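Engineer: I'd like to ask some things about the structure below.
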Amino acid sequence: MPAHNFPTTPIARLTGHNGPVHAVTFSAGTGQYILTGAQDRKVRLFNPATQRLIQTYSAHGYEVLDLAVSEDNARFTSVGGDKTVFLWDVPTAQTLRRFTGHAARVNTCAFGGEGDSVLVSGSYDGTVRVWDAKSRSERPIMTFSEAKDSVSAVCVRGHEVFAGSVDGRVRVYDLAMGVVEVDVLGASVTSVVPTRAGDSYLVSTLDSSLRLMDRPSGKCLQTFRHDEFGNETYRVRSTLGMADSVAISGGEDGSVFVWDVLSGKLLHRLWHKEDGDQGGGGRNSKKDVVSAVAWNQLRKQWASAGGDGEVVVWGVGD
């Protein structure tokens with residue numbers, strides 16, 4: 001599926017949250033379901049094909065800022081203002097574990113290890129913590145404190161943990177070798193996503209830019225910008241789609257931007273709102289921010305989540 005066939009048709013709108021949606025992810029594999037986390041302290045599970053709400057997960061006392069789903073879809077983890085990492089059982093909607101220890105809100109989370117045996121979290125307290133998801137221990141296996149500011153994004157690929165920080169650095173922790181490598185971006189980092197091959201990663205920063213970084217050398221391979229793309233205030237997540245041939249990012253004005261990875265050229269600017277225009281609040285209005293995007297390779301569908309409380313699912317129209 002070449003980049004020029006990128007799906008641009010809204011095929012579903014998922015509603016139910018009362019407030020901005022901060023996190024969105026497809027279920028693993030087929031992507032039949034979508035999980036969302038929001039300012040209203042709820043996590044919701046939707047079937048986008050029917051636009052039906054399947055389940056609501058209620059345990060957070062503060063906003064939900066990030067989500068991650070296990071490969072078998074039996075569990076997911078969520079984090080937010082509670083300073084706690086929640087591990088959930090999907091069918092029963094009950095929490096299996098609650099990992100405490102962070103001194104401030106937890107911004108980001110990810111599964112890792114064989115059989116998703118560990119959880120990784122990043123916090124406003126400047127630490128990255130690795131937790132054993134299988135044992136009953138409440139203490140982290142590892143704690144990394146190298147960041148000089150809030151840790152805004154974590155992801156795991158193999159034995160490497162990628163951690164982006166407001167201090168303008170992406171740190172890659174090699175858990176097998178016990179070493180850390182640092183790439184300096186300059187501006188605050190809001191999102192980090194490795195490519196499927198693992199030889200590069202996509203990073204978003206608060207200078208209205210996305211960059212594709214070479215993993216071995218730390219050099220910038222491609223920069224994604226546009227005169228209409230603004231991201232200088234809020235945390236906006238980006239992702240790779242279509243077998244890593246496109247970079248997708250929300251914007252602060254209510255639209256989503258899609259770039260061709262090879263050329264760096266903008267392919268599409270799409271409006272998250274149904275009326276196809278700005279919400280009237282300006283670029284720095286929280287209700288206009290498209291803060292999260294997700295891609296599902298099997299379905300060739302993607303989702304955008306916004307400050308308007310809605311999640312839009314995009315696909316190929318009839």
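To convert, note that position 113 of the sequence shown is 113 in the UniProt record's numbering; the numbers rise steadily by one, no gaps.
Where is the CB? At the ideal position from N, CA and C, for every residue including glycine.
For clarity, every value in this text was computed on a predicted model and none was experimentally measured.
1. Can you tell which of Ala187, Asp167, Arg157 has its C-alpha closest to the C-alpha of lysine 173?
2. Do the CB positions of glycine 218 and glutamate 252 come within less than 8 Å of each other?
3. Determine whether the beta carbon atoms of proline 20 and glycine 309 lie at a separation below 8 Å.
4. Look up aspartate 288 in the DSSP assignment and say whether it is helix, strand or coil.
5. Around the C-beta of lysine 265, are 16 or more other C-beta atoms found within 10 angstroms, so that it is buried, or is it exposed?
6. Closest by CA to threonine 223, which one among Gly126, Tyr62, Ser263, Glu160?
7. Looking at the unbroken beta strand (DSSP E) that takes in histidine 268, where does it start and where does it end?
8. Please go through the UniProt repeat "WD" (14-56) and give each complete beta strand (DSSP E) segment of 3 or more residues, from N-terminal end onward.
9. With distance defined between alpha-carbon atoms, name the residue in Phe99, Trp295, Phe76 nearest to arginine 237.
10. Measure the C-alpha to C-alpha separation of serine 291 and glycine 315 and round it to an integer number of angstroms.
11. Can you tell which of Glu114, Leu221, Gln301, Gly186 has the C-alpha that lies nearest to the C-alpha of leucine 206?
12. By the DSSP assignment, the beta strand (DSSP E) with glutamate 160 in it spans what residues?
13. Could you spell out where the beta strand (DSSP E) holding proline 140 opens and where it closes?
14. Leaving aside the five residues before and after glycine 280 along the sequence, list all residues of the same chain whose C-beta is less than 6 Å from its C-beta, in chain order.
15. Which residues in the same chain have their Cβ closer than 7 Å to the Cβ of valine 312, if we skip the five residues on either side of it in sequence?
16. Quick check on asparagine 5: buried or exposed, where buried means 16 or more other Cβ atoms within 10 Å of its Cβ?
17. Could you spell out where the beta strand (DSSP E) holding phenylalanine 86 opens and where it closes?
18. Under the DSSP definition of a beta bridge, which residues are partnered with asparagine 296?
19. Roughly how many whole angstroms lie between the Cα atoms of valine 118 and leucine 87?
20. What residues in its chain sit with their C-beta under 8 Å from that of leucine 96, if we drop five residues either side in the sequence?
21. Taking all protein chains shown into account, decide if alanine 243 is buried (16 or more other Cβ within 10 angstroms of its Cβ) or exposed.
22. Is there contact here, the region 141-148 with the region 78-87, by at least three beta-carbon pairs under 8 Å?
23. Do you know offhand how far leucine 221's Cα is from serine 208's?
24. Residue range of the beta strand (DSSP E) that serine 191 falls in?
25. What does a CB cutoff of less than 7 Å around valine 192 pick up in its chain, not counting 5 residues either side in sequence?
26. For glycine 61, collect the residues of the same chain with a Cβ closer than 6 Å to its Cβ; drop the 5 residues on either side in sequence, then sort them by chain order.
27. Apart from the five residues just before and just after proline 140, which ones in its own chain have a Cβ nearer than 7 Å to its Cβ?
28. Are there 16 or more other CB atoms within 10 angstroms of the CB of glutamate 63, so buried, or fewer, so exposed?
29. Can histidine 272 be considered in contact with the ligand FAD, in the sense that its beta carbon sits closer than 7 Å to one or more heavy atoms?
30. At which residues does the beta strand (DSSP E) containing tyrosine 62 begin and terminate?
31. Which of the three DSSP states is assigned to asparagine 231 in this structure?
32. DSSP state of residue 320, grouped into three classes?
Structural biologist: The structure says:
1. As a first step, residue 173 must be located in the sequence shown, where it is residue number 173. According to the sequence shown, residue 173 is tyrosine rather than lysine. The candidate whose alpha carbon is nearest that of tyrosine 173 is Arg157.
2. Residue mapping note: residue 218 aligns to position 218 of the sequence shown, counting from 1. Residue mapping note: residue 252 aligns to position 252 of the sequence shown, counting from 1. The criterion of a C-beta distance shorter than 8 Å is not satisfied by glycine 218 and glutamate 252.
3. Counted from its first residue, the sequence shown places residue 20 at position 20. Counted from its first residue, the sequence shown places residue 309 at position 309. In this structure, glycine 309 lies closer than 8 Å to proline 20 by Cβ.
4. Numbered from its first residue, the sequence shown carries residue 288 at position 288. DSSP places aspartate 288 in helix when its eight states are reduced to three.
5. Locating residue 265 in the sequence shown gives position 265, counting from the first residue. Counting Cβ neighbours within 10 Å, lysine 265 comes out exposed, since fewer than 16 surround it.
6. Here residue 223 is taken as the residue at index 223 of the sequence shown, counted from 1. Of the residues Gly126, Tyr62, Ser263, Glu160, the one whose Cα lies closest to the Cα of threonine 223 is Ser263.
7. Walking along the sequence shown from the start, residue 268 turns up at place 268. Run containing histidine 268: 266-271, per the beta strand (DSSP E) assignment.
8. 21-26, 34-38, 42-47
9. One-based indexing of the sequence shown puts residue 237 at position 237. The shortest Cα separation from arginine 237 among Phe99, Trp295, Phe76 belongs to Trp295.
10. For the purposes of this step, residue 291 is taken as residue 291 along the sequence shown, with counting starting at 1. For the purposes of this step, residue 315 is taken as residue 315 along the sequence shown, with counting starting at 1. Their backbone Cα atoms lie some 19 Å apart in a straight line.
11. As a first step, residue 206 is located in the sequence shown; it is residue number 206 there, counting from the start. By alpha-carbon distance to leucine 206, the top candidate from Glu114, Leu221, Gln301, Gly186 is Gly186.
12. To locate residue 160, count along the sequence shown from 1; it is residue 160. Residues 160-165.
13. On the sequence shown, position 140 is the one that residue 140 refers to. From DSSP, proline 140 is part of no beta strand (DSSP E); its letter is neither H nor E.
14. As a first step, residue 280 is located in the sequence shown; it is residue number 280 there, counting from the start. In this prediction, glycine 280 has a pLDDT of 45, which is less than 50 and means its spatial position is unreliable; what the coordinates show is noted afterwards. The answer is none, since no qualifying residue turns up.
15. Here residue 312 is taken as the residue at index 312 of the sequence shown, counted from 1. Closer than 7 Å at Cβ, skipping near neighbours: Pro10, Arg13, His272, Ala303, Ser304.
16. To locate residue 5, count along the sequence shown from 1; it is residue 5. Taking every protein chain shown into account, the CB of asparagine 5 has fewer than 16 other CB atoms within 10 angstroms, so this residue is exposed.
17. In the sequence shown, residue 86 corresponds to position 86, counting from 1. Element bounds for phenylalanine 86: 84-89.
18. As a working mapping, residue 296 is identified with position 296 in the sequence shown. Bridge partners of asparagine 296: Gln301.
19. One-based indexing of the sequence shown puts residue 118 at position 118. One-based indexing of the sequence shown puts residue 87 at position 87. Approximately 11 Å, taken between the alpha carbons.
20. Your numbering for residue 96 matches position 96 in the sequence shown. Excluding sequence neighbours, leucine 96 sits near Arg75, Leu87, Trp88, Asp89.
21. The count along the sequence shown starts at 1 and reaches residue 243 at position 243. Exposed: under 16 other Cβ atoms inside 10 Å.
22. no
23. Taking the sequence shown and counting its residues from 1, one reaches residue 221 at position 221. Taking the sequence shown and counting its residues from 1, one reaches residue 208 at position 208. Each residue's alpha carbon lies about 17 Å from the other.
24. Counting from one through the sequence shown, the residue named residue 191 turns up at place 191. Element bounds for serine 191: 189-194.
25. Locating residue 192 in the sequence shown gives position 192, counting from the first residue. Same-chain partners within the cutoff: Ala153, Cys155, Phe162, Gly164, Val170, Tyr201, Val203.
26. Taking the sequence shown and counting its residues from 1, one reaches residue 61 at position 61. Apart from sequence neighbours up to five positions away, the residues of its chain that approach glycine 61 with a beta-carbon distance below 6 Å are Asp82, ordered along the chain.
27. Within the sequence shown, numbered from 1, the residue matching residue 140 stands at position 140. Gly101, Arg129, Val130, Trp131.
28. Walking along the sequence shown from the start, residue 63 turns up at place 63. With 16 or more other Cβ atoms within 10 Å, it is buried.
29. The ligand FAD is not part of this structure, which contains no ligands at all.
30. On the sequence shown, position 62 is the one that residue 62 refers to. No beta strand (DSSP E) holds tyrosine 62; DSSP gives it neither H nor E.
31. Counting from 1 along the sequence shown, the entry for residue 231 is found at position 231. Asparagine 231 falls in the coil class under three-state DSSP.
32. This structure cannot settle anything about residue 320, because the visible part of the chain is limited to 1 through 318.
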